[in-house]
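Here the structure is laid out as structure tokens; the discussion comes afterwards.
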Amino acid sequence: MERRMRIFAVTLAAAFLNAWAASPSFAQADQRRLVSAATLTLSNFLNDGDMTWLNRNLGRARAVVIAPHITKAGFIFGGSGGRAVVFARDAKTGKWVGPAFYTLVTASVGFQAGISISEMVTLVMTDKGLNSLLSDSFKMGGDASVAAGPIGAGAQSNLVADFISFSRSHGIYGGLNLDGTVASTSDEWNRLYYGKPVHAHDILIRNSVRNKQSTELQNLLAIGRRKP
12 MERRMRIFAV
22 TLAAAFLNAW
32 AASPSFAQAD
42 QRRLVSAATL
52 TLSNFLNDGD
62 MTWLNRNLGR
72 ARAVVIAPHI
82 TKAGFIFGGS
92 GGRAVVFARD
102 AKTGKWVGPA
112 FYTLVTASVG
122 FQAGISISEM
132 VTLVMTDKGL
142 NSLLSDSFKM
152 GGDASVAAGP
162 IGAGAQSNLV
172 ADFISFSRSH
182 GIYGGLNLDG
192 TVASTSDEWN
202 RLYYGKPVHA
212 HDILIRNSVR
222 NKQSTELQNL
232 LAIGRRKP
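And the structure:
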């Protein structure tokens, strides 16, 4: 069963990635659209009165993962997948650096039917979580712990997890469970966005490349971090 699940996950990942495939010129446009969509998603979350915990703890996060469009679909066998941008906070300056591009894929088995689109913001709260992001691929809930973020104006929960995830969705599914999600770096998208081969470590730790198109999202992260 485990082997079948891994094969299914790989097949599912290929399907989601093929859906995003494009020529270099179109791919760069897709990357810019993803960054713009991530900016809108983060803005909506930070201005949501139910996202109090997210606002209060963004300043403590080591990194943030933003996925504006995660598609979840299935009948018996199902799964979810999408693209995400990641920013990391420089430990010395406190400034946000990025983005690095990632793919998110989850395979699942069980009685389920329908299609839904979710948007997700996940705070990376520990060095272990950040180090997981710097690897080529890792599983949330396996290599690093993940928990659903508390929702509501009075949320005061003191969560302990490497990743704290917030999501909103429309459709049959009521939410998005990241447990078991495989996150992988998208080196091709990173190369096209920055115009040369770069890895997640170059972008998020060394801060050796920049793209001015992400300035609005960086500024939004900085503003959100200063909120009380």
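Under my numbering, the final residue of the sequence shown carries the number 239; numbering is consecutive throughout.
Note that CB positions come from ideal geometry on N, CA and C, so glycine has one too.
If you're wondering where the values come from, they're calculated on a predicted model, not measured in any experiment.
Return the first residue and the last residue of the alpha helix (DSSP H) that S143 is part of. On the sequence shown, position 132 is the one that residue 143 refers to. That run of the alpha helix (DSSP H) goes D138 to L144.
Tell me which same chain residues have a C-beta within less than 7 angstroms of the C-beta of T137, skipping the five on either side of it? Numbered from 1 along the sequence shown, position 126 holds the residue referred to as residue 137. Hits under 7 angstroms: R73 and D173.
Please return the same chain residues whose Cβ sits closer than 8 angstroms to the Cβ of A233, not counting the five positions on each side in sequence. Here residue 233 refers to the residue found at position 222 when the sequence shown is read from its first residue. If we look at A233 and ignore the five residues flanking it on each side, its Cβ neighbours are K106 and W107.
Assigned secondary structure, R73 (DSSP; H/G/I helix, E/B strand, else coil): Taking the sequence shown and counting its residues from 1, one reaches residue 73 at position 62. Reduced to three states, the DSSP call for R73 is coil.
Hey, would you say Y205 sits closer than 8 angstroms to V193, going by beta carbons? Indexing the sequence shown from 1 puts residue 205 at position 194. Indexing the sequence shown from 1 puts residue 193 at position 182. No, these two residues do not count as a Cβ contact at 8 angstroms.
Between the CA atoms of L53 and A132 - distance to the nearest angstrom: Your numbering for residue 132 matches position 121 in the sequence shown. Your numbering for residue 53 matches position 42 in the sequence shown. Just to set this straight, residue 132 is Val in the shown sequence, not Ala. Their Cα atoms are separated by approximately 7 angstroms.
Secondary structure of T63, DSSP reduced to three states: On the sequence shown, residue 63 is found 52 positions in, with the first residue counted as 1. Three-state result, T63: helix.
How should T114 be labelled, buried or exposed, when 16 other C-beta atoms within 10 angstroms of its C-beta is the threshold for buried? Translated into positions along the sequence shown, residue 114 becomes position 103. Classification of T114: buried, given that the 10 Å Cβ count is 16 or more.
Note down the Cα distance separating N66 from G235, rounded to an integer number of angstroms. Numbered from its first residue, the sequence shown carries residue 66 at position 55. Numbered from its first residue, the sequence shown carries residue 235 at position 224. Distance between the alpha carbons of N66 and G235 is about 7 angstroms.
Hey, P110 and V97 are a contact pair by Cβ (cut 8 angstroms); roughly how many whole angstroms apart? Position 99 of the sequence shown, counted from the start, is the residue given in the question as residue 110. Position 86 of the sequence shown, counted from the start, is the residue given in the question as residue 97. Contact holds; Cβ gap of about 6 angstroms.
Give the DSSP-derived three-state secondary structure of A233 in the structure shown. Indexing the sequence shown from 1 puts residue 233 at position 222. Three-state result, A233: helix.
Cα-Cα separation between L203 and Q39, rounded to whole angstroms: The count along the sequence shown starts at 1 and reaches residue 203 at position 192. The count along the sequence shown starts at 1 and reaches residue 39 at position 28. Taking the straight line joining both Cα atoms gives about 6 angstroms.
How long is the line joining the alpha carbons of A158 and T63, rounded to whole angstroms? For the purposes of this step, residue 158 is taken as residue 147 along the sequence shown, with counting starting at 1. For the purposes of this step, residue 63 is taken as residue 52 along the sequence shown, with counting starting at 1. Answer to the nearest angstrom: the Cα atoms are 16 angstroms apart.
Could you tell me whether the Cβ atoms of S285 and T82 are closer together than 8 angstroms? Because the chain here runs from 12 to 239, residue 285 falls outside it and cannot be looked at.
Mapping the DSSP letters down to three states, classify A155 as helix, strand or coil. Your numbering for residue 155 matches position 144 in the sequence shown. In this structure, A155 counts as strand in the three-state DSSP scheme.
Three-state secondary structure (DSSP) of V46: The count along the sequence shown starts at 1 and reaches residue 46 at position 35. Reduced to three states, the DSSP call for V46 is helix.
What do you get for T226, buried or exposed, if any count of 16 or more other CB atoms within 10 angstroms of its CB means buried? Reading the sequence shown from its first residue, position 215 is the one you call residue 226. With fewer than 16 Cβ atoms within 10 Å of its Cβ, T226 is classed as exposed.
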